[in-house]
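Asks: Got a structure here, written out as structure tokens. Questions coming.
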Amino acid sequence: MKDNIIIDLKNISIKFGDNQILDNLSMYIRDKEFITLLGPSGCGKTTTLRIIAGFLEPDSGEVIFENKVINGVPPYKRQVNTIFQRYALFPYLNVYENIAFGLRIKKMKEAEIKKTVTEMLELVNLKGFERRNINSLSGGQQQRVAIARAIAVKPRVLLLDEPLGALDLKLRKDMQVELKNIQKRLGITFIYVTHDQEEALSMSDTVVVMDGGVIQQIGTPQDIYNEPKNAFVADFIGESNILDGKMLEDFKCSFSGAEFQCLDKGFGNGESVDVVVRPEDVDIVPPENGILTGVVTSVTFKGVHFEIIVDIGGFKWMIQTTDYEPVGKKIGLYIEPDAIHIMKKSKYSGLYGDYSSFSDELEHLSDIVEEE
2 MKDNIIIDLK NISIKFGDNQ ILDNLSMYIR DKEFITLLGP SGCGKTTTLR IIAGFLEPDS
62 GEVIFENKVI NGVPPYKRQV NTIFQRYALF PYLNVYENIA FGLRIKKMKE AEIKKTVTEM
122 LELVNLKGFE RRNINSLSGG QQQRVAIARA IAVKPRVLLL DEPLGALDLK LRKDMQVELK
182 NIQKRLGITF IYVTHDQEEA LSMSDTVVVM DGGVIQQIGT PQDIYNEPKN AFVADFIGES
242 NILDGKMLED FKCSFSGAEF QCLDKGFGNG ESVDVVVRPE DVDIVPPENG ILTGVVTSVT
302 FKGVHFEIIV DIGGFKWMIQ TTDYEPVGKK IGLYIEPDAI HIMKKSKYSG LYGDYSSFSD
362 ELEHLSDIVE EE
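In case it helps, the working numbering puts the sequence shown at residues 2 to 373.
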């Protein structure tokens with residue numbers, strides 16, 4: 002077994018009725034790691050969290066905590082604590098007593114409780130809020146109280162189930178930074194559940210991408226973004242142009258009717274593959290200088306950049322650029338070898354990566370505006 006593993010999930014499966022929620026899932030979590038389970042609704046990420054917490058028992062497989070199987074151990078006997086999207090604070094208790102609740106259950110001495118609560122309030126920037134009523138607090142402040150209460154009992158692992166989902170965008174971004182800082186200062190393992198890819202990429206040491214009760218990929222945020230394993234991961238993490246291609250030989254591929262140098266090898270000569278090109282990695286050049294040429298079908302201003310949809314042989318590409326190109330203009334595209342990523346074909350091939358629907362929606366919206 003690898004060093005410093007705190008939780009090891011082995012061959013976990015669970016069904017709800019006829020619905021297979023997790024299918025032979027295996028993964029491990031290191032001590033003091035910030036790991037995020039990322040995926041769409043219904044992918045099994047919250048079920049995984051609940052199995053770790055002890056709220057659910059798997060139909061098969063083992064939950065191992067520090068080399069001991071803890072299947073059947075009730076939640077209150079596990080060294081984990083959970084923060085839910087709805088913070089489950091006690092409205093009839095003030096801030097101090099909410100944070101002190103778990104400590105009183107443990108029958109700690111009053112002086113120790115006071116010392117711990119004071120430390121927790123300082124940690125979450127709520128010093129002076131001790132006597133405040135919970136209902137008088139903002140969403141962000143309530144979230145801080147929930148964090149303070151969860152970590153006051155010094156769990157080895159903190160489970161966070163979409164804890165920022167109820168906050169507005171700016172507050173959510175602030176709390177992302179704060180949560181990461183708290184995790185680093187305390188040295189507690191955080192297992193975080195979200196469907197928000199930006200949240201996962203900005204906060205995590207490790208990201209676990211899930212779909213259909215199966216882990217699609219585990220890696221650092223950079224690995225997941227730059228080296229997606231299949232079309233689902235490439236599409237779910239950021240925007241991606243995903244095309245049918247062929248590996249002609251090592252370091253050489255073809256797609257969209259042209260041949261390209263790439264950095265990938267180890268595929269069969271002539272093997273059908275999926276090709277990923279991120280929108281920010283495409284250079285717009287004069288048509289005569291482009292490896293590919295196409296016509297701009299829509300332009301959306303995004304503040305930092307323009308999002309341009311380009312029709313290349315009926316396939317709609319997305320390009321993100323600081324250069325404005327008008328609708329109807331013919332442009333060339335140049336793609337560096339390191340911007341091309343080759344993936345094996347999978348059950349997700351052909352489902353993602355063409356922005357035709359994106360472009361059609363924009364055109365339909367403009368029609369509606371014109372009619373009004």
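By construction, the Cβ of each residue, glycine as well, lies at the ideal position given by its N, Cα and C atoms. Values in this document were obtained by computation on a predicted structure and should not be read as measured data.
1. For residue 75, count neighbouring C-beta atoms within 10 Å of its own C-beta (all shown protein chains included) and say buried if the count is 16 or more, exposed if not.
2. Quick one: is residue 143 buried, meaning 16 or more other Cβ sit within 10 Å of its Cβ, or exposed?
3. For residue 253, does the three-state DSSP call read helix, strand or coil?
4. Report the option in 324, 319, 277, 291 whose CA atom is closest to the CA atom of residue 306.
5. Out of 164, 245, 132, 344, which one is the CA nearest neighbour of residue 176?
6. Quick check on the burial criterion: 16 or more other C-beta atoms within 10 angstroms. Buried or exposed for residue 111?
7. So, at 6 Å on beta carbons, what are the nonlocal neighbours of residue 408 in its own chain, with the 5 sequence-adjacent residues on each side left out?
8. For a test of the three-state rule: what should DSSP assign to residue 101, helix, strand or coil?
9. What did DSSP end up calling residue 371 once you bin it into helix, strand or coil?
10. May I have the straight-line CA-CA distance separating residue 201 from residue 195, to the nearest angstrom?
11. On the premise that residue 81 lies in contact with residue 101, defined as a C-beta separation below 8 Å, what is that separation, rounded to the nearest angstrom?
12. What first and last residue would you give for the alpha helix (DSSP H) that runs through residue 233?
13. With DSSP as the reference, label residue 116 as helix, strand or coil.
14. Using a Cβ-Cβ cut-off of 8 Å (strictly less than) and excluding sequence neighbours within five positions of residue 91, which residues of its own chain qualify?
15. Quick one, are the C-beta atoms of residue 294 and residue 331 less than 8 Å apart?
16. Within its chain, find whatever has a CB closer than 6 Å to the CB of residue 361; leave out the 5 residues flanking it on each side and keep chain order.
17. Among 246, 221, 124, which has the Cα closest to the Cα of residue 385?
18. Does the structure place the stretch 274-282 close enough to the stretch 243-257 that three or more beta carbon pairs sit under 8 Å?
19. Out of 241, 341, 267, point me to the one whose CA is closest to residue 256's CA.
20. Suppose the cutoff is 7 Å on Cβ atoms and the five residues either side in sequence are ignored; what does the same chain contact list for residue 203 look like?
21. If you draw a straight line from the alpha carbon of residue 146 to that of residue 122, how long is it in whole angstroms?
22. If you run the structure through DSSP and keep just helix, strand and coil, what is residue 221?
23. For the alpha helix (DSSP H) that contains residue 175, what are its first and last residues?
24. With H, G and I counted as helix, E and B as strand and the rest as coil, what does DSSP make of residue 260?
25. Between the beta-carbon of residue 1 and the beta-carbon of residue 36, is there less than 8 Å?
26. Taking C-beta to C-beta, are residue 208 and residue 39 nearer than 8 Å?
27. So which of 155, 95, 26, 345 has the shortest CA-CA distance to residue 269?
28. Per DSSP, which residues does residue 29 bridge with? Please list them.
29. Among 25, 18, 29, 21, which residue has its Cα nearest to the Cα of residue 9?
30. Can you tell me the Cβ-Cβ gap for residue 13 and residue 41, rounded? I've got them flagged as a contact below 8 Å.
31. State the DSSP-derived secondary structure class of residue 344, mapped to helix, strand or coil.
32. With DSSP run on the structure shown, which of helix, strand or coil describes residue 48?
33. Return the CA-CA distance between residue 364 and residue 182, expressed in angstroms with no decimal places.
34. If you draw a straight line from the alpha carbon of residue 302 to that of residue 308, how long is it in whole angstroms?
35. Measuring straight from C-alpha to C-alpha, what distance separates residue 4 and residue 33?
36. Tell me the DSSP secondary structure of residue 290 in three-state form.
Replies: If we stick to the structure as given:
1. As a first step, residue 75 must be located in the sequence shown, where it is residue number 74. Residue 75 comes out exposed.
2. Residue numbering aside, residue 143 sits at position 142 when the sequence shown is read from its first letter. Result: buried.
3. Numbered from 1 along the sequence shown, position 252 holds the residue referred to as residue 253. Correct three-state label for residue 253: strand.
4. In the sequence shown, residue 306 corresponds to position 305, counting from 1. Comparing Cα-Cα distances from residue 306 to each of 324, 319, 277, 291, the minimum goes to 324.
5. Here residue 176 corresponds to residue number 175 of the sequence shown, with the count starting at 1. If we check each option's Cα against that of residue 176, 164 comes out closest.
6. Position 110 of the sequence shown holds residue 111. The residue in question, residue 111, is exposed, as its Cβ has fewer than 16 Cβ neighbours within 10 Å.
7. Limits of the chain in this structure are 2 at one end and 373 at the other, which puts residue 408 out of reach.
8. If you number the sequence shown from 1, residue 101 lands on position 100. Helix at residue 101.
9. Position 370 of the sequence shown, counted from the first residue, corresponds to residue 371. Confidence at residue 371 is low in this model, with a pLDDT of 44, below 50, so its placement is unreliable and the value that follows should be read with caution. Helix, per DSSP.
10. Within the sequence shown, the letter at position 200 stands for residue 201. Within the sequence shown, the letter at position 194 stands for residue 195. Rounded to the nearest angstrom, the two C-alpha atoms are 7 Å apart.
11. Residue mapping note: residue 101 aligns to position 100 of the sequence shown, counting from 1. Residue mapping note: residue 81 aligns to position 80 of the sequence shown, counting from 1. Going by Cβ atoms, the distance from residue 101 to residue 81 rounds to 20 Å, so no, they are not a contact pair.
12. Position 232 of the sequence shown, counted from the first residue, corresponds to residue 233. Taken as a continuous stretch (DSSP letters only), the alpha helix (DSSP H) holding residue 233 covers 232-237.
13. Along the sequence shown, one-based indexing puts residue 116 at 115. The three-state secondary structure of residue 116, taken from DSSP, is helix.
14. In the sequence shown, counting from the first residue as 1, residue 91 sits at position 90. Excluding sequence neighbours, residue 91 sits near 98, 99, 102, 135.
15. To locate residue 294, count along the sequence shown from 1; it is residue 293. To locate residue 331, count along the sequence shown from 1; it is residue 330. Yes, these two residues count as a Cβ contact at 8 Å.
16. By 1-based counting over the sequence shown, the position of residue 361 is 360. Unreliable positioning characterises residue 361 in this predicted model, as indicated by a pLDDT of 49, which lies under 50. The coordinate reading is nonetheless provided below. For residue 361, where only same-chain residues beyond five positions count, there are no Cβ hits under 6 Å.
17. This structure gives no information on residue 385, because the portion of the chain shown stretches from 2 to 373.
18. yes
19. Mapped onto the sequence shown, residue 256 falls at position 255. When only C-alpha atoms are compared, the closest one is 341.
20. Taking the first residue of the sequence shown as position 1, residue 203 is located at position 202. These residues qualify, in order along the chain: 177.
21. Reading the sequence shown from its first residue, position 145 is the one you call residue 146. Reading the sequence shown from its first residue, position 121 is the one you call residue 122. Approximately 8 Å between the Cα atoms of the pair.
22. Here residue 221 corresponds to residue number 220 of the sequence shown, with the count starting at 1. Residue state, collapsed to three classes: coil.
23. Against the sequence shown, residue 175 aligns to sequence position 174. It spans 170-187 - the alpha helix (DSSP H) in which residue 175 sits, taken as one unbroken run.
24. Locating residue 260 in the sequence shown gives position 259, where the first residue counts as 1. Three-state DSSP puts residue 260 in a strand.
25. In the structure as shown, the chain begins at 2 and stops at 373. Residue 1 is therefore absent and cannot be evaluated.
26. As a first step, residue 208 is located in the sequence shown; it is residue number 207 there, counting from the start. As a first step, residue 39 is located in the sequence shown; it is residue number 38 there, counting from the start. Result yes, Cβ atoms of residue 208 and residue 39 sit closer than 8 Å.
27. Locating residue 269 in the sequence shown gives position 268, counting from the first residue. Comparing Cα positions, the closest option is 345.
28. Locating residue 29 in the sequence shown gives position 28, where the first residue counts as 1. Per DSSP, 9.
29. Translated into the one-based positions of the sequence shown, residue 9 becomes position 8. For the residues 25, 18, 29, 21, the minimum Cα distance to residue 9 belongs to 29.
30. Within the sequence shown, the letter at position 12 stands for residue 13. Within the sequence shown, the letter at position 40 stands for residue 41. Going by Cβ atoms, the distance from residue 13 to residue 41 rounds to 19 Å, so no, they are not a contact pair.
31. By one-based count along the sequence shown, residue 344 stands at place 343. Under the three-state reduction of DSSP output, residue 344 falls in the strand class.
32. Along the sequence shown, read from residue 1 onward, the residue named residue 48 stands at position 47. Reduced to three states, the DSSP call for residue 48 is helix.
33. Along the sequence shown, read from residue 1 onward, the residue named residue 364 stands at position 363. Along the sequence shown, read from residue 1 onward, the residue named residue 182 stands at position 181. Caution is warranted here: a pLDDT of 48 is assigned to residue 364, below 50, making its placement in the model unreliable, and the coordinate value is therefore given only provisionally. So the alpha carbons of these two residues sit roughly 44 Å apart.
34. Within the sequence shown, numbered from 1, the residue matching residue 302 stands at position 301. Within the sequence shown, numbered from 1, the residue matching residue 308 stands at position 307. Near 6 Å, if we compare the C-alpha coordinates of residue 308 and residue 302.
35. Numbered from 1 along the sequence shown, position 3 holds the residue referred to as residue 4. Numbered from 1 along the sequence shown, position 32 holds the residue referred to as residue 33. Residue 4 and residue 33: Cα-Cα distance of roughly 12 Å.
36. Taking the first residue of the sequence shown as position 1, residue 290 is located at position 289. Here residue 290 sits in helix by DSSP.
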